[in-house]
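Residue numbers (our numbering): 785 to 931.
Every residue gets a Cβ at the ideal spot worked out from N, C-alpha and C, and that includes glycine.
Predicted model only: the values in this text are computed from it and were never measured.
To keep things clear, I will list the structure first and then write my remarks on it.
The structure is reproduced here in structure tokens:
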């Protein structure tokens, strides 16, 4: 985020509004954003995995002139993957730094073993196909300075 901010690249936060009783129920401890937005940064509240669904995210990105996204966050196989797919469908370029998204361990299911979180996150990357770009680390991401 520091690199994006120093290049005057818009930093947009997606905040999930979970249902009552969920870990991410609005205004409960699990709902709070891990990284606090700075003044002037946009927070888009959402209730679906796809950050574009039912929000003005596309309009915000268009207003900023953004055509390429670096997506970071949690629940690789849900919110990250759904938002990345929706971005691709809308014609955005998507870069997903491998070390900048995560998920939980997947518990064992009927006839299957559990899957460690790191493997589940990697499978989520793979499921996005070859249209998405993946880099090993957020440290590799470079931003063009905006005027």
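**OP:** Could you have a look at residue 918 and say whether DSSP puts it in helix, strand or coil?
**Re:** Here the question's residue 918 lines up with position 134 in the chain shown. Of the three classes helix, strand and coil, the one that applies to residue 918 here is strand, per DSSP.
**OP:** Check whether the Cβ atoms of residue 839 and residue 859 lie closer than 8 angstroms to each other.
**Re:** Translated into the one-based positions of the chain shown, residue 839 becomes position 55. Translated into the one-based positions of the chain shown, residue 859 becomes position 75. Not a contact, by the Cβ cut-off of 8 angstroms.
**OP:** Work out the CA separation of residue 851 and residue 890 for me, nearest whole Å.
**Re:** Taking the chain shown and counting its residues from 1, the one referred to as residue 890 is at position 106. Taking the chain shown and counting its residues from 1, the one referred to as residue 851 is at position 67. Computed Cα separation, rounded: 33 angstroms.
Original post:
Just checking my contact of residue 865 with residue 911 at CB under 8 angstroms: how many whole Å lie between their CB atoms?
Top reply: Position 81 of the chain shown, counting from 1, holds the residue named residue 865. Position 127 of the chain shown, counting from 1, holds the residue named residue 911. Right, their Cβ atoms sit about 6 angstroms apart.
**OP:** Keeping to the same chain, check which residues put their C-beta closer than 7 angstroms to that of residue 927; ignore five residues upstream and five downstream.
**Re:** Working through the chain shown from its first residue, we reach residue 927 at position 143. Here the set comprises 787, 788, 791, 793.
Subject >> residue 787 - containing alpha helix (DSSP H), residue span >> reply: Translated into the one-based positions of the chain shown, residue 787 becomes position 3. From DSSP, the alpha helix (DSSP H) with residue 787 extends over 786-790.
Subject >> Contacting residues, own chain, Cβ-Cβ under 8 angstroms from residue 898 (five flanking each side not counted) >> reply: The residue given as residue 898 occupies position 114 in the chain shown. In chain order, 889, 890, 891, 892 place their CB closer than 8 angstroms to the CB of residue 898, counting only its own chain and leaving out the 5 sequence neighbours on each side.
**OP:** State yes or no: is the C-beta of residue 921 within less than 8 angstroms of the C-beta of residue 882?
**Re:** As a position in the chain shown, residue 921 is number 137, starting the count at 1. As a position in the chain shown, residue 882 is number 98, starting the count at 1. Result yes, Cβ atoms of residue 921 and residue 882 sit closer than 8 angstroms.
Original post:
Which residues does DSSP pair with residue 877 in a beta bridge?
Top reply: Counting from 1 along the chain shown, the entry for residue 877 is found at position 93. Checking the DSSP bridge columns, you'll see residue 877 partnered with 852.
**OP:** Buried or exposed for residue 848, please, with buried defined as at least 16 other CB atoms from any protein chain shown within 10 angstroms of its CB.
**Re:** Position 64 of the chain shown, counted from the first residue, corresponds to residue 848. When all chains shown are included, residue 848 counts as exposed.
Original post:
The beta strand (DSSP E) with residue 906 in it runs from where to where?
Top reply: Indexing the chain shown from 1 puts residue 906 at position 122. First-last for residue 906: 901-911, but that is the alpha helix (DSSP H), not the beta strand (DSSP E).
**OP:** Below 8 angstroms CB to CB, which residues in the same chain sit around residue 876 once its five sequence neighbours on both sides are set aside?
**Re:** Taking the first residue of the chain shown as position 1, residue 876 is located at position 92. These residues qualify, in order along the chain: 845, 850, 851, 852, 853.
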